[in-house]
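First up is the structure itself, then whatever we jot down about it.
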Amino acid sequence: MSLILFAAPAADIAQKAERIIRRRRLDIPVITADDKNVQTAVLAYPEPFVIISRGGVAEEVKKLPGRTVVEVTTSFNDILAAVASLDTAGMRRVAVVMRGNILFEAPQNFSLSGLDILVRPCDTYEEIEATVKSLAQTKKVDGIAGCRYAVRVAEEAKIPSAYVDTSEKSIEKAIDDALKILDAKRKESLQLERLEAVIGNIDEGIVVLDEQERPAFFNEEANVLFGGSLPGDFTAVMDAEIKDYAGERLVTIHGRKALFRMVPVGMRNRRENTVLIFHAAEAISKQEQKVRSSLYQKGFYAKIHFPDILTEVPRMKEVIARAEKFARTNANVLILGETGTGKEGMAQSIHNASHRAKKPFVSVNCASIPPSLIESELFGYVEGAFTGARRAGKKGLFEMADGGTIFLDEIAELPPDIQGRLLRVLQEREIMRVGDDKIIALDIRLICATNKDLGALVADNKFREDLYYRVNVLRVQLPPLRERREDILPLLRHYFARYAPQEDFDRFICRSVRERLLAYDWPGNIRELRNTAEVFACLGDAAPDAAQLDELLGARRMGGQRDTIEIPLGLSLKEVELALIERMLEIYTPDETCAKLGISRVTLWRRLRREV
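Below, the structure is given as structure tokens:
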């Protein structure tokens with residue numbers, strides 16, 4: 003019996019959700035409904051109390067009592083994909099018109115590559131219609147990107163439009179949020195049941211007071227003690243008898259003597275409040291909002307899973323299999339690889355396959371934080387620790403990762419003094435904020451990454467040897483893309499489909515371009531390949547030829563590869579000639595090779611058969 007329901011406003015969103023749910027083997031039913039019938043459709047499923055939905059459908063579900071709604075929001079990339087299709091058509095001013103609850107990540111207005119983009123969030127269909135018609139009449143924009151209703155109104159107003167599709171990543175993010183909320187609700191319910199069982203079966207009288215010192219819960223023993231009539235407000239009792247008193251004391255209640263004590267409730271020896279004061283009706287709602295907004299805004303969640311890493315190369319499959327085994331442990335992991343090989347994606351996958359998957363994943367690029375700030379960013383600080391410090395202090399990134407995983411990318415860039423502090427954190431599993439003398443215990447897993455040779459840095463006294471052995475417990479070596487040539491075209495096809503889903507990659511890319519792509523060494527690895535796929539997608543119907551590809555990938559760098567051939571000494575003239583021809587055929591087509599060498603195809607084949 004599922005406690006989560008996915009209410010999709012359209013069939014395509016439902017299909018994407020079903021694919022994700024099948025892949026992750028989740029028990030989440032999916033229905034398709036519009037804002038007019040969604041309430042009836044949801045009520046047909048009485049068990050789920052967490053509903054995932056989008057736009058106007060989500061707004062209607064919110065009106066149902068006892069249901070928590072997790073909204074599928076539109077990412078910035080979703081918007082850019084729609085805008086790009088209008089940009090390709092030559093439009094320079096585009097308005098994004100959608101419901102405001104969908105435009106969670108979009109700025110108000112922005113410009114991109116000479117394209118002016120106006121963002122117009124709306125609350126109702128009527129407002130969407132009025133906004134589109136107004137933009138069409140005033141001719142403030144050349145095109146409209148938006149929801150289905152906005153596109154329909156734009157078509158009626160005869161203004162070009164593009165539908166802002168919902169990506170699988172946005173849907174999967176909402177599913178992850180719903181699972182987190184469900185887990186929080188289950189824990190809350192279990193905690194209340196345990197407390198109720200304990201309080202109801204002890205001999206002492208227990209009264210639980212809320213923040214206003216009013217009884218929120220009491221057991222039968224307490225009811226008897228107060229003569230069957232507890233005061234509605236305990237303020238007077240607290241002031242007269244036990245206010246500001248620590249420990250036990252004898253008090254008089256309704257003429258009866260009783261030994262009274264207060265039991266503080268807190269975590270890690272820090273008093274937070276008394277028994278269950280903090281479980282007011284609004285507390286769970288605030289928790290849900292906090293989980294979703296803070297994790298989304300700060301990016302403290304991992305999006306990538308092992309199945310998302312595409313490869314057909316046996317060596318890369320072995321790397322993934324080894325990393326999956328590492329994920330089941332708590333040991334530190336060091337990921338090595340050139341820039342752009344997907345080190346953070348591997349780190350996210352390890353986190354998502356571990357028992358910490360539902361806890362924070364905090365990613366830190368050690369090279370991006372100024373040396374003067376890195377200590378306070380990593381370990382936090384207290385009020386007055388330095389000039390400009392926040393009055394309430396600030397949690398460090400290690401504290402924010404408590405219970406989960408912290409990923410330190412480019413760890414080789416850490417200053418020596420911070421290396422020493424990190425070593426202590428790994429040894430003791432505790433930190434001390436800047437300017438503080440209190441120890442904070444941590445439960446974290448560390449994953450590090452670098453594109454440098456840490457062993458060589460240790461030899462040059464640029465990286466602490468003791469820290470090296472602490473971080474280098476489990477090692478994952480990611481091969482560069484030039485050693486995964488079988489993956490080049492599948493990866494290009496994958497990213498091309500993301501940026502241009504309406505295009506056929508195999509018809510778009512001609513044979514000579516494919517050969518060049520396979521021969522290219524991809525110094526930027528997957529990051530460069532992804533950018534190349536996006537460039538291809540932006541070209542629209544203008545598929546690149548070999549010359550244009552050289553320009554796209556950098557003619558100087560490509561030229562350097564083509565113009566230089568390493569041939570061992572000691573070869574005969576025929577062997578040198580054969581090596582030259584074979585190398586050129588790796589880069590060029592047979593016709594291009596013949597043209598560059600000034601020979602015919604017949605001569606080429608003869609020399610390859612060594613008949614000359």
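With this note's numbering as the guide, the letters of the sequence shown map in order to residues 3 to 614. For every residue, glycine included, the Cβ atom is placed at its ideal position computed from N, Cα and C.
Looking at PHE302: is its Cβ nearer than 8 Å to the Cβ of GLU326?
no
Point to revise | Close Cβ partners of GLU401 (< 6 Å) along its chain, the five nearest in sequence each way excluded | key: GLY382
Discussion item. For a minimum of 4 consecutive residues, which ranges assigned as the alpha helix (DSSP H) are wholly contained in the segment 290 to 363?
Written reply: 316 to 329, 345 to 354
| task | Can you have a look at ASN39 and say buried or exposed, based on whether 16 or more other CB atoms are within 10 angstroms of its CB? | result | exposed
Reduced DSSP category for GLU243 - H, G, I as helix; E, B as strand; rest coil | Residue placement at GLU243 is poorly supported in this model, since its pLDDT is 49, which falls under 50; the coordinates are not used for a value here.
Going by beta carbon distance, what residues of the same chain come within less than 7 Å of HIS496, once the five residues before and after it are set aside? LEU312
| request: Give the straight-line distance between the Cα atoms of ALA159 and VAL96, rounded to the nearest whole angstrom. | output: 15 Å
- N- and C-terminal bounds of the beta strand (DSSP E) containing ARG55: Per the sequence presented here, residue 55 reads as Ser, with Arg not at that position. SER55 -> beta strand (DSSP E) spans 52 to 55.
* How far does the beta strand (DSSP E) with ARG69 in it reach, from first residue to last? -> Taken as a continuous stretch (DSSP letters only), ARG69 belongs to no beta strand (DSSP E), as it is neither H nor E.
- Item | Any chain C beta carbon closer than 8 Å to ALA549 | Note that chain C does not occur in the displayed structure, where there is just one protein chain.
**Asked** Does the beta-carbon of TYR522 have 16 or more other beta-carbons within 10 angstroms, so that it is buried, or is it exposed?
**Response** buried
* Asked: What's the gap between the Cα of ILE598 and the Cα of ASP80?
  -> In the sequence under discussion, the amino acid at residue 598 is Lys, which differs from the Ile named in the question. Using only the alpha carbons, I get a separation of about 45 Å.
| task | From the DSSP output, in three-state form, read off ASP144 for me. | result | coil
Tell me whether ALA97 sits in a helix, a strand or coil according to DSSP, three-state version. strand
Taking just the CA atoms, how far does VAL366 sit from ASP489? 28 Å
Measure the alpha-carbon distance for LEU606 versus SER574 and round it to whole angstroms. 18 Å
For ILE376, the first and last residue of its enclosing alpha helix (DSSP H): 373 to 381
Alpha carbon to alpha carbon, how far is ASN354 from GLY347? Give it in angstroms, no decimals. 10 Å
Exercise for the section: Quick one: give me the first and last residue of the alpha helix (DSSP H) that ASN79 is part of. Expected result: 78 to 90
Among GLY57, PRO48, ASP144, LEU45, the one whose alpha carbon lies nearest that of ASP89: ASP144
| Cβ of MET100 within 8 Å of Cβ of PRO123? | yes
- Out of GLU170, LEU375, GLU415, ARG330, which has the shortest C-alpha to C-alpha gap to ALA499? GLU170
Report task. For my contact list, ILE408 and LEU469 are in at a C-beta cut-off of 8 Å; report their separation, rounded to the angstrom. Result -> That pair is no contact at about 15 Å.
Within the segment 119 to 188, ranges of the alpha helix (DSSP H) (whole runs, at least 4 residues)
127 to 140, 150 to 158
When you compare the CB positions of ILE446 and ALA403, do they come within less than 8 Å of one another, or not?
yes
| field | Every unbroken beta strand (DSSP E) inside the segment 475 to 522 [3 residues or more] | value | 476 to 479
Subject >> The beta strand (DSSP E) enclosing VAL384, as first and last residue numbers >> reply: Unbroken run through VAL384: none, as it is neither H nor E.
(request) Closer than 7 Å by C-beta to LEU399: which residues in its own chain qualify, once you throw out the five before and the five after it? Chain order, please. (result) VAL364, VAL366, GLU379, LEU380, ILE408
Would VAL321 and LEU184 be called neighbours here (beta carbons separated by less than 8 Å)?
no
Beta-carbon separation (whole angstroms), THR76 vs THR168, contact threshold 8 Å: 7 Å
To the nearest angstrom, how far is the alpha carbon of GLU505 from that of PHE78? 22 Å
What did DSSP end up calling PHE465 once you bin it into helix, strand or coil?
-> coil
**Message:** What would DSSP say about PHE228, mapped onto helix, strand or coil?
**Reply:** coil
| request: Taking 8 Å as the cut-off, decide whether the C-beta atoms of VAL1 and VAL155 are in contact. | output: Residue 1 lies beyond the residue range present for the chain, which begins at 3 and ends at 614; the question has no answer from this structure.
- Task: Could you give the DSSP three-state label for GLU432: helix, strand or coil?
- Result: strand
- Return the CA-CA distance between PRO481 and LEU587, expressed in angstroms with no decimal places. 25 Å
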